[in-house]
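Per my numbering, the sequence shown runs over residues 39 to 322.
Where a beta carbon is used, it is the ideal one built from N, C-alpha and C, also for glycine.
Since this is a predicted model, take the numbers as computed values, not measurements.
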Amino acid sequence: MNEPTQYPVGRWDVVGRLNQQWLEGDPSWWPKSKGSLIIEHDHETKPPDSWSSWRRQRLRPPGPAMLVPIAWTAFFLAAASFPLIFPGRTSDDQLIASALFGIGWTLTIAPLAFTGAIGNHPARKSVFDIYPIDTKSILIGLIFFAAHVFINTLFGWLAYLFFWIAWVRTVVAISEAVEPSCGRWLLPVTAEAYAASTVAEGWQKKERRFGTDCLVVGPEVGDSKIIIEGVRHHTGTYLAVSLLGRSGYRYDPFQTRLHNPIPANMLHEPPIEIANLKWENDDF
39 MNEPTQYPVG RWDVVGRLNQ QWLEGDPSWW PKSKGSLIIE HDHETKPPDS
89 WSSWRRQRLR PPGPAMLVPI AWTAFFLAAA SFPLIFPGRT SDDQLIASAL
139 FGIGWTLTIA PLAFTGAIGN HPARKSVFDI YPIDTKSILI GLIFFAAHVF
189 INTLFGWLAY LFFWIAWVRT VVAISEAVEP SCGRWLLPVT AEAYAASTVA
239 EGWQKKERRF GTDCLVVGPE VGDSKIIIEG VRHHTGTYLA VSLLGRSGYR
289 YDPFQTRLHN PIPANMLHEP PIEIANLKWE NDDF
């Protein structure tokens, strides 16, 4: 699993200019901040004292990047039916309808891919799980679409109905996926220290050597998993703890917006025992 690009570690031009902003996030991500680097997030909670060596990193919220494209999808999906309801008014009704339908679903899926929600990661239930896309309704729609080609054209309208159901369920799932705050908790370490580290009971080391990948997988929380990833930055190397949602988004484990709150005993202490480096106040 690659380093999340759901703009997860921030924009590199910003990072190079101000390390503190790499942790706090770009103020433009939260328009209400009015450009201030001090951003109030009343949904964030304070971790136990045992986390004092770790620091919170806010990741770019994926919701705003999806708002405009998904707002247009309903228009294109609805418009796809017009050439079929009123045939003969375009040069190629089937082609126009297919193009409008394809644009509608592209505007739904592309923002998910752009923000890192589609990909292979430990929280996926299977290789066919591409949540938040409603694959079950899409599959039924494809079956009816095939029936409309080989059996009766009226099945096409059933296919169209199930694609609408899939779109509605997908949009609802997206809205739920982007509600919690994206973020993670960082600890400065060395690659050698990670190799010698030990993890808590119930946690599994996936990689023996440090890398920018999912290094440790922890307990499940609802349909999410707590994970530890490796992060490389020009200031050093870090471990990052987050709650990996089924959507692929990394959520701050210490907040009140989580749909399935993490039991207090799971993160009462950091899940990894490791010799860490000190944060350099001059750099952050």
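In or out: residue i buried (at least 16 other Cβ within 10 Å) or exposed?
i    : result
L75  : Note that L75 has pLDDT 48, beneath the 50 cutoff, so the model's placement of it is unreliable and no number is given.
A313 : exposed
H272 : exposed
Q293 : buried
F327 : Lying outside 39 to 322, the shown extent of the chain, residue 327 is not represented and no answer is given.
A197 : buried
L253 : buried
G159 : A small correction: the amino acid at residue 159 is His; Gly does not occupy that position in the sequence shown. With 16 or more Cβ atoms within 10 Å of its Cβ, H159 is classed as buried.
Q58  : exposed
S88  : exposed
G240 : exposed
Grab the span of the alpha helix (DSSP H) containing residue i for me, first residue to last.
i    : result
R207 : F193 to A215
Y232 : A229 to A233
W143 : D131 to F152
G179 : T173 to F188
A118 : Segment: none, A118 is in no alpha helix (DSSP H) and carries neither H nor E.
Just to confirm my understanding: we take residue i, look at its own chain, exclude 5 residues before and 5 after, and list those with CB closer than 8 Å. What are they?
i    : result
M304 : G256, P257, V259 and I264
I300 : V259, I264, L281 and P291
C220 : Q44, P46, R96, L97, R98, P99, P100, Y287, R288, Y289 and D290
Just grab the DSSP bridge partners of residue i for me.
i    : result
S262 : V259
W223 : R94 and V279
V254 : K243 and I266
V237 : I310
Y289 : C220 and L281
What residue does the beta strand (DSSP E) around residue i start on, and which one ends it?
i    : result
T275 : G274 to L282
Within a Cβ cutoff of 6 Å, which residues of the same chain sit near residue i, ignoring the five residues on either side of it in sequence?
i    : result
A135 : A118, P121 and L122
T236 : E311
I203 : S175
F248 : A229, Y232 and G268
I212 : P170
Sorted by chain position, which residues of the same chain lie with C-beta nearer than 7 Å to residue i's C-beta, five sequence neighbours on each side aside?
i    : result
L225 : S91, W92, Y276, L277 and N314
D51  : With a pLDDT of 40 at D51, under the threshold of 50, the modelled position of this residue cannot be trusted; read the value that follows with caution. If we look at D51 and ignore the five residues flanking it on each side, it has no Cβ neighbours.
G142 : T111, F114, L115 and A118
R207 : D172 and S175
W317 : R93 and P226
G283 : A161, A215, S262 and Y289
Could you round the C-beta distance between residue i and residue j to whole angstroms and report it? I think they count as a contact, below 8 Å.
i    : j    : result
P149 : P107 : 5 Å
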